[in-house]
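J.:
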Amino acid sequence: MQSTPQRNQLFVASCLALLVTSLSFGIRAGILGRLGVEFALNASELGTIAATAFWGFPVAVVVGGMIVDVIGMKKLLIIAFVFHLAGILLTIFAGGYWTLFISTLCIGIANGTVEAACNPLVATIYADNKTTKLNHFHLWFPGGIVIGTLIVYFLDKAGVGWQIQVGLMLVPTLIYGLLFSKLSFPVTERVASGVSTGEMYRSLLNPLFICMIILMFGTAITELFTGQWIDVLLKNVSDNAILLLTIETGIMVIGRAFAGPIVHRFSPTGVLLISAILSAAGLYLLGHSTGNTLFAGAIIFGMGVCYFWPTMLGFVSENLPKTGAVGMNLMGGAGMFAVSVYTIFMGDYYDKLVTSHLPAGDTSEAAMNAAKKAAGPEVLNATMFIPIILIVAFAILFFYMKGKARPTLKAGH
1 MQSTPQRNQL FVASCLALLV TSLSFGIRAG ILGRLGVEFA LNASELGTIA
51 ATAFWGFPVA VVVGGMIVDV IGMKKLLIIA FVFHLAGILL TIFAGGYWTL
101 FISTLCIGIA NGTVEAACNP LVATIYADNK TTKLNHFHLW FPGGIVIGTL
151 IVYFLDKAGV GWQIQVGLML VPTLIYGLLF SKLSFPVTER VASGVSTGEM
201 YRSLLNPLFI CMIILMFGTA ITELFTGQWI DVLLKNVSDN AILLLTIETG
251 IMVIGRAFAG PIVHRFSPTG VLLISAILSA AGLYLLGHST GNTLFAGAII
301 FGMGVCYFWP TMLGFVSENL PKTGAVGMNL MGGAGMFAVS VYTIFMGDYY
351 DKLVTSHLPA GDTSEAAMNA AKKAAGPEVL NATMFIPIIL IVAFAILFFY
401 MKGKARPTLK AGH
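In this text, residue positions in the sequence shown follow the UniProt record's numbering: the first is 1, and each later residue adds one.
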């Protein structure tokens with residue numbers, strides 16, 4: 001176990017690294033339109049640039065999970081720092097499509113590498129309180145998105161250029177790079193316990209772990225797809241669609257900050273079951289409401305999804321500890337991969353819905369807006385079936401885990 005001051009410094013540096021990850025999402029989302037105008041990029045090119053962050057992330061998180069025990073968490077985080085630095089500088093000095101493409105890919109790789117190292121790091125230094133501390137760590141993801149979107153909003157109002165907005169990410173990047181370079185790191189919990197690499201990989205075939213990977217598809221899609229698409233899907237239903245995202249994300253920050261008593265009161269599986277119920281209820285309200293009821297839907301949905309990602313990782317780390325860093329990072333990679341595939345599928349579904357709601361031969365702006373107003377909630381209603389399935393799955397998991405004792409992390413069978 002790390003001494004407390006060292007442990008706290010490692011945790012603060014990890015939170016700063018995750019803050020850079022989330023700022024990259026928030027700021028890039030805010031300036032994407034201007035990049036399109038400045039570099040004469042069409043919607044398809046902008047979409048490809050935005051998607052590269054999601055391609056780099058799962059590759060980096062899975063590969064990082066496989067090598068973290070070999071090269072150590074410190075070296076992996078220095079790699080993340082180099083990719084973050086390169087990605088940010090390439091964006092600031094971008095000259096067109098390919099520099100933006102490569103810069104976003106670098107940032108995506110850096111983001112995945114941060115998770116590959118920091119998830120097992122937090123689980124190792126807080127081995128007695130994994131799920132709660134993973135929630136505290138992951139509050140910086142929605143927190144950074146809120147900070148990033150506010151930076152873009154206020155600096156736009158002040159007439160500050162997008163290069164300076166991106167450049168602000170250099171501050172937390174340089175701080176976390178400096179901190180990690182000076183701190184000493186523990187070995188991962190799995191290595192410290194003497195569980196062999198072969199045993200770790202065999203543990204990935206545990207039926208419970210395979211079930212958790214499948215459930216991670218659903219929890220990640222429910223949280224990240226809806227969060228990304230709220231503005232697009234509800235823009236024609238509400239004048240405040242982006243405010244709905246801010247409310248949802250703000251609720252996630254508050255919820256994760258107070259995860260400790262909630263996780264201890266309800267257990268990780270109880271939290272996941274309640275989360276699925278609230279997510280389904282929130283999606284129902286978002287898909288069937290107008291006016292102020294939409295804000296109630298955003299609050300309930302935010303309460304639902306806020307615990308999904310860190311509690312899924314915490315559950316695997318606590319109940320399947322022999323899967324080690326690879327297990328946690330396969331969960332993260334699976335979640336992000338599922339979101340990218342579902343986003344492509346639902347984007348096509350949304351376009352077809354819009355077309356089906358257009359009166360024959362009428363492609364006027366008014367008709368298009370009416371078609372989008374009808375199509376957006378239908379996509380949310382289709383997505384609502386995922387948390388409904390999760391309710392059943394997590395109820396079964398809850399009762400299954402009640403009858404099991406928690407495993408200890410010891411080598412051998």
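Where a beta carbon is used, it is the ideal one built from N, C-alpha and C, also for glycine.
Small disclaimer: the values here were computed from a predicted structure and weren't measured.
Note down, one range per segment and in chain order, each beta strand (DSSP E) of at least 3 residues found wholly within the region 268-329.
T.: The region 268-329 contains no whole beta strand (DSSP E) run of 3 or more residues.
J.: If you drop the 5 nearest sequence neighbours on each side, which residues of the same chain put their C-beta closer than 6 angstroms to that of T355?
T.: Cβ within range, chain order: n/a, list empty.
J.: Assign F11 to one of three DSSP states: helix, strand, or coil.
T.: Three-state DSSP puts F11 in a helix.
J.: For the region 301-321 and the region 264-284, state whether three or more C-beta atom pairs, one from each stretch, are separated by less than 8 angstroms.
T.: These segments touch.
J.: Rounded to whole angstroms, what is the Cα-Cα separation between L10 and L183?
T.: Approximately 7 angstroms between the Cα atoms of the pair.
J.: Taking the C-alpha atoms as reference points, what is the distance between N8 and L23?
T.: Cα to Cα, the separation comes out at about 22 angstroms.
J.: Anyone know if the C-beta pair for L244 and L16 falls short of 9 angstroms?
T.: For L244 and L16, no; Cβs fall outside 9 angstroms.
J.: Measure the Cβ-Cβ separation of V37 and A80 and say whether it is below 9 angstroms.
T.: Taking 9 angstroms as the Cβ cut-off, V37 and A80 do not qualify as a contacting pair.
J.: Note down the Cα distance separating I396 from S317, rounded to an integer number of angstroms.
T.: When rounded, the distance between both Cα atoms is 20 angstroms.
J.: Mind pulling the alpha helix (DSSP H) runs of 4 or more residues that sit fully within the region 188-226?
T.: The region 188-226 contains these whole alpha helix (DSSP H) runs: 189-192, 197-203 and 207-220.
J.: Which residue marks the beginning of the alpha helix (DSSP H) containing S364, and which one marks its end?
T.: Element bounds for S364: n/a, residue is neither H nor E.
J.: Pop quiz: V62 and L330 are said to be a contact at Cβ under 8 angstroms. What is the actual Cβ separation, rounded to whole angstroms?
T.: Confirmed, Cβ separation roughly 6 angstroms.
J.: For the alpha helix (DSSP H) that Y126 lies in, which residues bound it at each end?
T.: Where Y126 is concerned, there is no enclosing alpha helix (DSSP H), given that its DSSP letter is neither H nor E.
J.: Could you tell me the alpha carbon to alpha carbon distance between I151 and Q165, rounded to whole angstroms?
T.: Whole-angstrom Cα-Cα distance: 7 angstroms.
J.: Put N381 into one of helix, strand or coil per three-state DSSP.
T.: Three-state result, N381: helix.
J.: Could you tell me the alpha carbon to alpha carbon distance between L390 and E199, rounded to whole angstroms?
T.: Using only the alpha carbons, I get a separation of about 30 angstroms.
J.: Under 8 angstroms, with one C-beta from each stretch per pair, do the region 250-265 and the region 121-141 reach the 3-pair mark?
T.: Touching, yes.
J.: Leaving out five residues on either side along the sequence, give the residues of the same chain with a beta carbon under 6 angstroms from the beta carbon of T124.
T.: The answer, listed in chain order, is P186, T188 and E189.
J.: Name the residue from C306, G148 and A13 whose alpha carbon lies nearest to the alpha carbon of N119.
T.: Out of C306, G148 and A13, A13 has the C-alpha closest to the C-alpha of N119.
J.: Compare the C-alpha of I49 against each of P58, A40, V59 and L32 and name the closest.
T.: Nearest C-alpha to I49: L32.
J.: Which one of I277, I27, F101 and M401 has the shortest CA to CA distance from T52?
T.: T52 has its Cα closest to that of F101, out of I277, I27, F101 and M401.
J.: For A296, I'd like the list of residues in its chain whose CB is within less than 8 angstroms of its CB, leaving aside the five on either flank, ordered along the chain.
T.: Result list for A296: L285 and S289, in chain order.
J.: Please name the residue in C106, P387, V392 and V146 whose C-alpha comes closest to that of residue 435.
T.: Past the edges of the chain, shown from 1 to 413, lies residue 435, and the structure says nothing about it.
J.: Which residues in the same chain as A86 place their Cβ atom closer than 6 angstroms to its Cβ, once the five residues preceding and following it in sequence are excluded?
T.: Closer than 6 angstroms at Cβ, skipping near neighbours: C106.
J.: State the DSSP-derived secondary structure class of A17, mapped to helix, strand or coil.
T.: Residue state, collapsed to three classes: helix.
J.: Quick one: Cα of S238 to Cα of F209, how far?
T.: Their Cα atoms are separated by approximately 40 angstroms.
J.: Return yes when the Cβ of G335 is within less than 9 angstroms of the Cβ of F217, no when it is not.
T.: Yes.
J.: My output table needs one value for F180: the three-state DSSP class, helix, strand or coil.
T.: Of the three classes helix, strand and coil, the one that applies to F180 here is helix, per DSSP.
J.: Rounded to whole angstroms, how far is the Cβ of A84 from the Cβ of V20, which I believe are closer than 8 angstroms?
T.: Looking at the sequence provided, one finds His at residue 84 rather than Ala. The pair is a contact, with the Cβ atoms about 6 angstroms apart (cut-off 8 angstroms).
J.: If we ignore side chains and look at the alpha-carbon of each, how far apart do A393 and T249 end up?
T.: A393 and T249: Cα-Cα distance of roughly 25 angstroms.
J.: Are the CB atoms of G376 and Y350 within a distance shorter than 9 angstroms?
T.: A contact, by the Cβ cut-off of 9 angstroms.
J.: Tell me which residues share the same chain as I175 and place their Cβ nearer than 7 angstroms to its Cβ, disregarding the 5 neighbours each side in the sequence.
T.: Hits under 7 angstroms: L16.
J.: Can you say whether Y153 is buried or exposed, counting buried as having 16 or more other CB atoms within 10 angstroms of its CB?
T.: Classification for Y153: exposed.
J.: Just to confirm before moving on: does the CB-CB distance between A367 and L353 stay below 9 angstroms?
T.: In this structure, L353 does not lie closer than 9 angstroms to A367 by Cβ.
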